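All residue numbers for the sequence shown refer to the numbering used here, where the first residue is -4 and numbers rise by one.
Below is one structure, written out as structure tokens; the observations come after it.
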Amino acid sequence: MKELIVATKNSGKAAEFREMFSKYTIEVKSLLDFDDPVNDIEETGTSFEENAAIKSEAICSKFNVPVLADDSGLVIDALNGEPGVYSARYAGEEKDDQKNIEKVMAKLKDVPENDRTARFICAIAVSRPDKETFIKVGKCEGSIALEERGNHGFGYDPIFIPNGSNRTLAEHTPEEKNSISHRKNAILQVEGWLKAQS
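Put into structure tokens, the structure is as follows:
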């Protein structure tokens, strides 16, 4: 396999995948790389796994090439798993990272530090023409900080402290983040398949 479409319009996410796949000599395209805009696929699943598969299968059938899609988000124990599959649109349909962070922080304002456990979860689905979709899940365990810190990354990175660190993900360099992220942990699980393709 020489070409793989990553079914995302998130430039930050596309850059992370491109970096991770660079050693496999696979050309990675995102949905931002096509001249004709690709319509958003409605994510109607109730889990990260279902949503990833919905996206990868829809784009695979459209372009007839291998497609990788991920669905990822933040799961906070004190909020009964919120924002979960609604992570990108937690504060509204416009996908505003800052408003999403503010909503989380407002809901957690009376929750003590020890009770702010959380994890990022990433489900990766790989669809190929005429083959069954397979799905792998990666996690990054941590907790929610008491205030925003850092200016790297995107999404909820400024308020998420991974286990074993006292810095938020937004205070980690991109290289540091990529070595521990939920996405990296999911990709490690598809590496056997990737090695066979390159």
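Ideal Cβ placement from N, Cα and C applies to all residues, glycine included.
Quick caveat: nothing in here was measured; it's all calculated off a predicted structure.
Here DSSP, grouped into helix, strand and coil, assigns Arg144 to coil. With fewer than 16 other CB atoms across the displayed protein chains lying within 10 angstroms of its CB, Lys104 is exposed. If you look at Glu166, you'll find it isn't in any alpha helix (DSSP H); DSSP assigns it neither H nor E.
Secondary structure of Ile36 (DSSP, three-state): coil. Contact between Ile130 and Ala48 holds: CB atoms are separated by about 6 Å, below the 8 Å threshold. Annotation for Ile96: the continuous alpha helix (DSSP H) segment containing it runs 92 to 102.
The Cβ atoms of Thr3 and Ala10 lie no closer than 7 Å to each other.
For Ser56, the enclosing alpha helix (DSSP H) begins and ends at 43 to 58. For Lys18, there is no enclosing alpha helix (DSSP H), as DSSP gives it neither H nor E. Here the alpha carbons of Asp30 and Ile116 stand approximately 31 Å from one another. Counting C-beta pairs with one atom in each stretch, the segment 69 to 88 and the segment 49 to 60 have fewer than three that are closer than 8 Å, which means they do not touch. When secondary structure is reduced to three states using DSSP, Arg123 falls in the coil class, being assigned neither helix nor strand. Taking a contact to require three or more Cβ pairs closer than 8 Å, the segment 144 to 153 and the segment 94 to 103 qualify as touching. For Lys24, the enclosing beta strand (DSSP E) starts and ends at 22 to 25.
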